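Engineer:
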Amino acid sequence: MKRALILSLAGAAGMMASCSFGPLWTAPEMPVPAEFRGAGVAGSTMADLPWQQVLKDENLQKLLDDVFASNRSLEAMMHNVESARRYITVARAPMFPSLGYLGQASKGASSPATVATADETRVPGAAGVSASWELDIWGKTRKGVESAEAQALAAEEGLNNMRISLMKQVASGYLRLIMLDEQLKIARDAVASYRESLKLFENQLEGGVADRLQTSSAEYHLHAAEAQIPNLEMQIAEMENTLSVLAGRAPGPITRGGNMMAFANASGVAAGIPADVIARRPDIRAAEQKLRAANAEIGVAIASYFPSISLTGLAGIATPDLRHGLARSEDGWGIGANLTGPLFNAGSLRANEEMKRDAFLAAKADYEQTVLSALAEISTTLTQRTKLRDIMKKQEQAVASSQESVKLAQARYTQGLASYYEVLTAQQALFPAQTQLAAYRYQYAACIPTLYTQLGGGWQNK
17 MKRALILSLA
27 GAAGMMASCS
37 FGPLWTAPEM
47 PVPAEFRGAG
57 VAGSTMADLP
67 WQQVLKDENL
77 QKLLDDVFAS
87 NRSLEAMMHN
97 VESARRYITV
107 ARAPMFPSLG
117 YLGQASKGAS
127 SPATVATADE
137 TRVPGAAGVS
147 ASWELDIWGK
157 TRKGVESAEA
167 QALAAEEGLN
177 NMRISLMKQV
187 ASGYLRLIML
197 DEQLKIARDA
207 VASYRESLKL
217 FENQLEGGVA
227 DRLQTSSAEY
237 HLHAAEAQIP
247 NLEMQIAEME
257 NTLSVLAGRA
267 PGPITRGGNM
277 MAFANASGVA
287 AGIPADVIAR
297 RPDIRAAEQK
307 LRAANAEIGV
317 AIASYFPSIS
327 LTGLAGIATP
337 DLRHGLARSE
347 DGWGIGANLT
357 GPLFNAGSLR
367 ANEEMKRDAF
377 LAAKADYEQT
387 VLSALAEIST
397 TLTQRTKLRD
407 IMKKQEQAVA
417 SSQESVKLAQ
427 ARYTQGLASY
437 YEVLTAQQAL
447 FPAQTQLAAY
457 RYQYAACIPT
467 LYTQLGGGWQ
477 NK
């Protein structure tokens with residue numbers, strides 16, 4: 017009986033032609049330049065490589081493995097993605113009949129004044145199976161499913177985008193630690209040198225050879241260099257704590273090694289073409305899926321203007337007295353159709369449609385802005401990398417010249433041709449130049465993880 021009911025509903029649904037409203041989905045197109053501004057070579061990119069072949073540092077790779085395995089924000093995003101996938105089932109459910117069951121039992125005695133047989137206790141009962149099916153004639157459910165599928169894909173791309181964002185943040189932070197270590201060593205060398213100079217000037221002041229100006233100058237540079245040490249140590253501790261938390265650990269030290277230039281030169285950089293970026297970057301893919309979902313929601317809103325048609329059915333048995341079992345039971349069934357639709361709603365349906373269209377236009381603008389921002393980001397990083405290479409070359413020359421000045425000043429002092437104040441003056445130029453060179457090298461090395469993630473590299477690795 018239940019099977020016959022389902023077949024009846026299915027047959028009725030098959031007899032009714034269905035259609036779908038709303039704009040058809042077409043992938044958006046964005047006019048993009050033939051090549052990136054600042055790009056030296058077009059073609060294959062380092063983004064085609066797994067991140068282990070780009071971020072070539074063993075300690076950094078171990079740290080990233082921990083991040084991908086234990087980062088709490090990443091874990092939360094994974095659950096959100098799973099929830100979005102499960103919602104597809106919820107959205108698709110109305111496309112199929114809904115089956116249910118029912119049962120009823122009661123007990124009571126008849127009144128002598130109304131029935132011939134007084135005080136007769138009866139236990140009537142009934143049981144059955146119900147079915148209902150809302151026909152998706154106007155495509156409302158199908159558009160809802162399309163929207164749910166697009167939102168799930170957008171959530172997946174959001175997860176991929178979080179992965180590469182974490183990769184960039186951790187790799188840049190790791191390189192910053194190496195820079196801070198180098199600057200800390202420079203500061204300690206400066207403190208040792210200035211302390212030696214101050215001791216010499218104090219001895220000369222006591223002997224009447226030096227004046228108070230030289231001694232005061234040496235004291236100033238010593239204390240200024242000493243102040244840099246706790247400042248750098250504070251920055252190191254802060255960065256280590258940040259990276260530890262990203263890796264799902266309690267705050268603590270971060271194992272590191274190597275140098276920034278070796279890291280920066282380990283991978284060649286080719287920019288590729290903009291089409292590669294549009295097809296690869298998770299944030300662009302997510303924006304496209306959000307646009308697709310917004311497009312489908314317009315169809316859902318339009319379908320709301322039309323009536324809803326649903327089929328219902330019931331099949332079961334009933335007996336006047338359960339004490340006699342089912343011997344006196346009777347079969348029963350029924351099938352029907354319901355039609356419901358809007359007559360007056362004070363413009364809410366029209367407003368809802370316009371809202372969905374506005375949401376689509378907003379999503380389209382977001383998509384276009386995401387593409388343009390991606391092109392600008394990559395172009396900027398390529399330009400920075402090219403310019404930083406020139407900047408480092410000049411800064412290395414400045415450091416070499418300053419080192420030569422210190423060496424010559426020390427030689428002149430040893431030969432008695434100059435005072436030690438010349439040595440101090442030369443050192444005052446050397447140590448800041450070395451510190452700035454370390455900063456430039458960090459910026460240059462950080463272009464590797466920045467460009468790699470901007471090109472969409474690494475998202476394929478789960």
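Counting in the numbering used here, the sequence shown runs from 17 upward without gaps. Even for Gly, the Cβ is constructed at its ideal location relative to N, Cα and C. Values in this document were obtained by computation on a predicted structure and should not be read as measured data.
In whole angstroms, give me the CA-to-CA distance for Ala187 and Ala392.
Structural biologist: 22 Å
Engineer: Using only CA atoms, which one of Met46, Val83, Leu40, Ala319 lies nearest to Leu388?
Structural biologist: Measuring C-alpha to C-alpha distances from Leu388 to each of Met46, Val83, Leu40, Ala319 identifies Met46 as the nearest.
Engineer: Within 10 Å of its beta-carbon, does Glu304 have 16 or more other beta-carbons around it, so buried, or fewer, so exposed?
Structural biologist: buried
Engineer: Along the chain, where does the alpha helix (DSSP H) that runs through Ala390 open and close?
Structural biologist: 364-430
Engineer: Pick helix, strand or coil for Tyr117, following the three-state DSSP scheme.
Structural biologist: strand
Engineer: Within 10 Å of its beta-carbon, does His237 have 16 or more other beta-carbons around it, so buried, or fewer, so exposed?
Structural biologist: buried
Engineer: Once the 5 residues before and after Glu198 are set aside, which same chain residues still bring their CB inside 6 Å of it?
Structural biologist: If we look at Glu198 and ignore the five residues flanking it on each side, its Cβ neighbours are Ala454.
Engineer: Among Tyr117, Ala280, Arg204, Ile245, which residue has its Cα nearest to the Cα of Arg457?
Structural biologist: Ala280
Engineer: From the DSSP output, read off the bridge partner residues of Trp149.
Structural biologist: Leu327
Engineer: Arg297 and Gly472 - do their beta-carbons sit closer together than 8 Å?
Structural biologist: yes
Engineer: I'd like the list of long-range same chain contacts for Asp73, defined as Cβ closer than 7 Å, with 5 residues on each side in sequence excluded.
Structural biologist: Gly274, Phe279
Engineer: Give the single residue among Ile314, Ala241, Glu370, Ile252 whose Cα lies nearest to the Cα of Ala203.
Structural biologist: Ala241
Engineer: Would you tell me roughly how many angstroms separate the C-alpha atoms of Ser324 and Ile153, rounded to the nearest one?
Structural biologist: 8 Å
Engineer: Nearest to Gly38 by CA position, among Ala461, Glu162, Ala390, Asp64, is which residue?
Structural biologist: Glu162
Engineer: Touching or not, the region 433-443 and the region 162-171, by the rule of three or more beta carbon pairs under 8 Å?
Structural biologist: Contact between the region 433-443 and the region 162-171 is not established, with fewer than three Cβ pairs separated by less than 8 Å.
Engineer: Does DSSP classify Gly315 as helix, strand or coil?
Structural biologist: The answer is helix: DSSP assigns Gly315 an H, G or I state.
Engineer: Can you list, in chain order, the residues of its chain with a C-beta nearer than 7 Å to that of Glu384? Leave out the 5 residues immediately preceding and following it.
Structural biologist: Met46
Engineer: CB-CB under 8 Å to Asp483, same chain, minus the five flanking residues each way: which ones, in chain order?
Structural biologist: With the chain covering only 17 through 478, there is no way to say anything about residue 483.
Engineer: Nearest to Val415 by alpha carbon, out of His239, Leu79, Gln450, Thr430?
Structural biologist: The option with the nearest alpha carbon to Val415 is Gln450.
Engineer: How would you label Val106, buried or exposed, when you count the other beta carbons within 10 angstroms and need 16 or more for buried?
Structural biologist: exposed
Engineer: By the 10 Å Cβ neighbour count, where 16 or more other Cβ atoms means buried, how is Asn87 classified, buried or exposed?
Structural biologist: Answer is buried; the Cβ neighbour count reaches 16.
Engineer: According to DSSP, is Ile351 helix, strand or coil?
Structural biologist: strand
Engineer: Kindly identify the DSSP beta-bridge partner or partners of Thr356.
Structural biologist: Answer is Ser324.
Engineer: Within 8 Å, do at least three Cβ pairs link the region 74-83 to the region 253-272?
Structural biologist: yes
Engineer: Output needed for Tyr117: all residues of its chain with C-beta closer than 8 Å, excluding positions within five of it in sequence on either side, in chain order.
Structural biologist: Excluding positions up to five away in sequence, the list reads Ala143, Gly144, Val145, Ser146.
Engineer: By the DSSP assignment, the alpha helix (DSSP H) with Asn257 in it spans what residues?
Structural biologist: 228-262
Engineer: With contact counted as at least three CB pairs below 8 Å, one residue from each stretch, are the region 371-386 and the region 306-318 in contact?
Structural biologist: yes
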